[in-house]
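K.L.:
Residue numbers for the sequence shown follow the numbering used here, so the first one is 92 and each next one is one higher. The beta-carbon is built from N, C-alpha and C at its ideal position, and this holds for glycine as well. Quick one: the structure is below, questions incoming.
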Amino acid sequence: MTKNRTFNAKRNMLSGMLNKIIVLTLPFIIRTIIIRELGVEYAGLSTLFASILQVLNMTELGFSSAVIFSLYKPMADGDNDAICALMAFYRKIYRIVGVVILMAGIIIMPFLKYLIKGSYPDTINLYFLFVIYLVNTVFSYLAFAYKNVLLSASQRQDIINNVSSILDTLKCIIQIIVLIIWKNYYAYIIWNVIFTIANNLVVAYITKHRFPELRCKGIIGEEKKQKIVKQMKGLAISQVSKTTRNSLDSIVLSACCGLLAVTIYGNYYYVFSAVLGFLGVIVQSISAGVGNSVAIETVEKNYEDFKRFNYYMSWIGGWCTIAMLCLYQPFMDLWVGKELIASFEIMLLFCIYFYIVQMGQIRSVYSNAAGLWWEFRWLEIFEIIINLTLNISLGLKFGLAGIIFASIIAVFIFSIIGTTIITIRLYFKRSSAEYFFYCGVYCAVILIVAYFTYLICEMVVMGGILGLSLKLCIVVLLPNSMLFLISMLQKKHRNYLLALIRKNHYLV
């Protein structure tokens with residue numbers, strides 16, 4: 092079983108990495124073309140509408156996560172009747188969610204112009220454009236998106252990744268051609284809808300032939316339904332919390348500072364989310380395996396895995412933070428030009444925010460696998476209140492820097508400290524002191540390594556691609572060499588590292 096989880100995790104990770112390269116690189120090229128050919132306001136509109144629809148997506152309330160969690164055990168036991176009943180329940184809820192999002196989108200349309208401070212391109216019909224974005228979001232809920240959970244719960248996320256990689260590549264190539272030749276934003280955006288439909292149809296076909304014995308039929312027991320509903324309530328609060336943390340940043344910024352500020356924020360957040368997305372591939376690749384392990388292995392075994400994964404992620408996430416610190420500004424200079432570069436202080440806040448967010452990823456895998464969403468409800472509620480309050484107050488006073496700082500405070504207090512204490516106490520049945528001690532050690536080490544790496548990179552005086560390439564070489568070699576030497580000084584971390592090298596398992 093452990094070997095199967097390891098194989099599935101490696102397969103999911105490789106396909107996920109390839110998919111992430113595609114879905115980040117090609118849209119990056121598209122965003123660059125939009126900024127240079129159409130103008131920064133168009134890029135700002137894309138960020139704003141995407142953020143609004145992420146807010147509307149709160150209607151889903153994290154229901155899919157609750158269903159995937161519920162599928163781990165029947166999948167492991169081969170209980171097809173339970174799986175079919177869960178899928179029927181899931182399909183019904185998803186279609187209700189699709190209708191609710193559609194209605195909410197229609198209701199919000201008259202207020203779109205009030206979410207933009209200043210002007211927007213006069214060649215754009217805000218309402219027609221928003222309808223295209225809305226249809227693209229709603230279709231998956233009303234069609235076959237519910238079938239994705241079968242592949243995810245059976246540890247075959249690689250299939251979803253591969254389908255996405257192929258279709259996204261084709262879509263982006265077409266969109267690039269459209270933008271270069273016709274320079275028409277409507278002709279560009281409509282392809283999102285076309286390929287969303289195609290993705291749903293392909294995944295539905297694969298799922299049907301891979302699981303021919305599974306059909307959406309049957310009724311889940313009342314006790315099981317109540318358990319899912321309870322978990323969904325906790326997930327709903329968590330979903331609102333994450334949305335207020337991320338998507339509302341752009342909306343508040345647009346209302347306070349205008350589309351130019353949203354574009355600058357969107358550019359930096361694009362890089363931020365891209366790097367975080369690569370870490371997310373690692374996390375997602377082990378999630379189903381961890382869920383399976385939580386279902387059948389001992390708590391002690393899972394705690395040892397938890398510590399090991401946290402060490403690996405601290406290294407990887409710490410190195411990514413160092414890379415962002417050293418490369419953010421020269422990369423932005425090359426990409427969008429000096430007029431769209433944020434201050435050093437804002438860049439530093441993005442790096443701090445990134446490090447704090449990635450700290451909670453492994454904890455999140457285990458808390459999700461253990462189904463602890465309901466237990467987090469009060470923390471999530473407080474995070475929503477504090478984050479939204481600080482977002483508005485600090486955003487009005489300090490602009491972009493205030494909005495990022497608000498998110499840092501809320502995430503650190505509630506999503507890092509609070510949820511970790513609850514996870515370790517309720518699932519692992521122990522004190523969280525050891526975990527936080529090692530997190531403090533990892534943070535101190537990363538801070539020292541980051542300081543020296545940044546000093547060395549600042550000695551590179553040349554600019555352009557050559558200067559960026561030289562800094563990249565420094566970032567790849569210096570911090571990883573320092574982290575390797577420091578790890579070899581401590582027996583436990585040395586064993587983790589040597590085992591990783593010997594087995595070439597990457598994370599498992």
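Can you look up Ile-215 in the DSSP assignment and give me helix, strand or coil?
P.N.:
Translated into positions along the sequence shown, residue 215 becomes position 124. Note: Ile-215 maps to coil in three-state DSSP.
K.L.:
Report the CB separation of Leu-517 from Ala-497 in whole angstroms; it is logged as a contact under 8 Å.
P.N.:
Start at 1 with the first residue of the sequence shown, and residue 517 comes out as number 426. Start at 1 with the first residue of the sequence shown, and residue 497 comes out as number 406. The pair is not a contact, with the Cβ atoms about 29 Å apart (cut-off 8 Å).
K.L.:
For Arg-399, tell me which candidate among Tyr-587, Tyr-224, Met-438 has the shortest Cα-Cα distance.
P.N.:
Here residue 399 refers to the residue found at position 308 of the sequence shown. If we check each option's Cα against that of Arg-399, Tyr-587 comes out closest.
K.L.:
In the structure shown, what three-state DSSP assignment does Thr-116 receive?
P.N.:
As a first step, residue 116 must be located in the sequence shown, where it is residue number 25. Correct three-state label for Thr-116: helix.
K.L.:
Looking only at its chain, what residues have a beta carbon closer than 7 Å to the beta carbon of Leu-129, apart from the 5 residues adjacent to it on each side?
P.N.:
Here residue 129 refers to the residue found at position 38 of the sequence shown. Cβ within range, chain order: Lys-274, Tyr-276.
K.L.:
Going straight from the alpha carbon of Lys-601 to that of Tyr-529, what length do you get?
P.N.:
This structure cannot speak to residue 601, because the chain is shown only from 92 to 599.
K.L.:
Where does Leu-598 land, buried or exposed, given buried means 16+ other C-beta within 10 angstroms?
P.N.:
Residue numbering aside, residue 598 sits at position 507 when the sequence shown is read from its first letter. Its pLDDT being 42, under 50, Leu-598 is placed unreliably by the model, and the measurement read from it follows with that caveat. Label assigned to Leu-598: buried.
K.L.:
Buried or exposed for Asp-249, please, with buried defined as at least 16 other CB atoms from any protein chain shown within 10 angstroms of its CB.
P.N.:
As a working note, residue 249 is residue 158 in the sequence shown. It is buried - the Cβ of Asp-249 has at least 16 other Cβ atoms within 10 Å.
K.L.:
Which term fits Ile-71, buried or exposed, when burial requires 16 or more other beta carbons within 10 angstroms of its beta carbon?
P.N.:
Given that the chain is displayed from residue 92 to residue 599, the structure contains no residue 71 and the question cannot be resolved.
K.L.:
Going along the chain, which residues of its own chain have a beta-carbon closer than 7 Å to the beta-carbon of Glu-304, five neighbours each way excluded?
P.N.:
Translated into the one-based positions of the sequence shown, residue 304 becomes position 213. For Glu-304, where only same-chain residues beyond five positions count, the Cβ hits under 7 Å are Asn-171.
K.L.:
Tell me the rounded alpha-carbon separation between Phe-219 and Leu-139.
P.N.:
Counting from 1 along the sequence shown, the entry for residue 219 is found at position 128. Counting from 1 along the sequence shown, the entry for residue 139 is found at position 48. Their Cα atoms are separated by approximately 15 Å.
K.L.:
Cα separation between Tyr-359 and Leu-115?
P.N.:
The residue labelled residue 359 in the question sits at position 268 within the sequence shown. The residue labelled residue 115 in the question sits at position 24 within the sequence shown. Rounded to whole angstroms, Tyr-359 to Leu-115 spans 13 Å at the Cα level.
K.L.:
So, is Pro-201 buried or exposed, given that buried needs 16 or more other C-beta atoms within 10 angstroms?
P.N.:
Taking the first residue of the sequence shown as 1, we reach residue 201 at position 110. So Pro-201 counts as exposed.
K.L.:
Any contact between the region 162-178 and the region 295-311? By contact I mean 3 or more CB pairs, one from each, below 8 Å.
P.N.:
Because the criterion of three Cβ pairs below 8 Å is met, the region 162-178 and the region 295-311 touch.
K.L.:
In chain order, what are the residue ranges of uninterrupted beta strand (DSSP E) at least 3 long that sit wholly in the region 266-298?
P.N.:
Listed in chain order, nothing qualifies, since the region 266-298 has no complete beta strand (DSSP E) run of 3 or more residues.
K.L.:
Under 8 Å between the Cβ atoms of Val-254 and Asn-290?
P.N.:
In the sequence shown, counting from the first residue as 1, residue 254 sits at position 163. In the sequence shown, counting from the first residue as 1, residue 290 sits at position 199. Against a cut-off of 8 Å, the Cβ pair of Asn-290 and Val-254 comes out as a contact.
K.L.:
Here's the rule I'm using: 16 or more other beta-carbon atoms within 10 Å means buried, otherwise exposed. How should Cys-347 be labelled?
P.N.:
Your numbering for residue 347 matches position 256 in the sequence shown. Burial call: buried.
K.L.:
Relative to the C-alpha of Met-194, which residue among Glu-549, Leu-225, Met-178, Asn-216 is closest?
P.N.:
Sequence index remark: in the sequence shown, residue 194 carries index 103 (1-based). With distances taken between Cα atoms, Met-194 lies closest to Leu-225.
K.L.:
How is Tyr-587 classed by DSSP in three states: helix, strand or coil?
P.N.:
The residue you call residue 587 lines up with position 496 of the sequence shown. Helix at Tyr-587.
K.L.:
Tell whether a beta-carbon distance below 8 Å holds between Ser-345 and Leu-206.
P.N.:
As a first step, residue 345 is located in the sequence shown; it is residue number 254 there, counting from the start. As a first step, residue 206 is located in the sequence shown; it is residue number 115 there, counting from the start. Yes, they are a contact pair.
K.L.:
Residues in its own chain within less than 8 Å of Ile-437 by CB, not counting five upstream and five downstream?
P.N.:
Here residue 437 corresponds to residue number 346 of the sequence shown, with the count starting at 1. Correct list, in chain order: Tyr-359, Leu-491, Ala-492, Ile-495.
K.L.:
If you draw a straight line from the alpha carbon of Lys-316 to that of Arg-182, how long is it in whole angstroms?
P.N.:
For the purposes of this step, residue 316 is taken as the residue at position 225 of the sequence shown. For the purposes of this step, residue 182 is taken as the residue at position 91 of the sequence shown. So the alpha carbons of these two residues sit roughly 14 Å apart.
K.L.:
What distance in whole Å lies between the Cβ atoms of Val-502 and Tyr-419, which are believed to be in contact at a cut-off of 8 Å?
P.N.:
Within the sequence shown, numbered from 1, the residue matching residue 419 stands at position 328. Within the sequence shown, numbered from 1, the residue matching residue 502 stands at position 411. At roughly 19 Å, the Cβ-Cβ gap does not stay under 8 Å, so Tyr-419 and Val-502 are not in contact.
K.L.:
Counting C-beta neighbours from all protein chains within 10 Å, is the total for Lys-111 16 or more, i.e. buried, or is it exposed?
P.N.:
Position 20 of the sequence shown, counted from the start, is the residue given in the question as residue 111. Buried, since its Cβ has 16 or more Cβ neighbours within 10 Å.
K.L.:
Hey, how far is the Cα of Met-450 from the Cα of Leu-561?
P.N.:
Numbered from 1 along the sequence shown, position 359 holds the residue referred to as residue 450. Numbered from 1 along the sequence shown, position 470 holds the residue referred to as residue 561. Roughly 28 Å between the two C-alpha positions.
K.L.:
Taking the beta carbon of Tyr-542 as the centre, do at least 16 other beta carbons fall within 10 Å, making it buried, or is it exposed?
P.N.:
For this step, residue 542 is matched to residue 451 along the sequence shown. Exposed, because fewer than 16 other Cβ atoms sit within 10 Å of the Cβ of Tyr-542.
K.L.:
Measure how close the beta-carbons of Ile-513 and Leu-463 come, nearest whole angstrom, since I'm counting them as under 8 Å.
P.N.:
Against the sequence shown, residue 513 aligns to sequence position 422. Against the sequence shown, residue 463 aligns to sequence position 372. With a Cβ gap of about 7 Å, Ile-513 and Leu-463 count as contacting.
K.L.:
Which residues in the same chain as Met-92 place their Cβ atom closer than 6 Å to its Cβ, once the five residues preceding and following it in sequence are excluded?
P.N.:
Numbered from 1 along the sequence shown, position 1 holds the residue referred to as residue 92. Low local confidence applies: a pLDDT of 48 at Met-92 is under 50, so the model's placement there is unreliable, and no value is given.
K.L.:
Which parts of the region 455-527 are runs of the alpha helix (DSSP H), unbroken and 4 residues or longer, counting only runs that do not cross its ends?
P.N.:
The qualifying runs are 468-489, 491-501, 510-517.
K.L.:
By how many angstroms is the C-alpha of Trp-410 removed from the C-alpha of Ile-547?
P.N.:
Mapped onto the sequence shown, residue 547 falls at position 456. Mapped onto the sequence shown, residue 410 falls at position 319. Rounded to whole angstroms, Ile-547 to Trp-410 spans 15 Å at the Cα level.
K.L.:
Figure out for me which residue from Arg-454, Ile-267, Val-540, Gln-322 has the closest Cα to the Cα of Asn-401.
P.N.:
Position 310 of the sequence shown, counted from the first residue, corresponds to residue 401. Ranking Arg-454, Ile-267, Val-540, Gln-322 by Cα distance to Asn-401 puts Arg-454 first.
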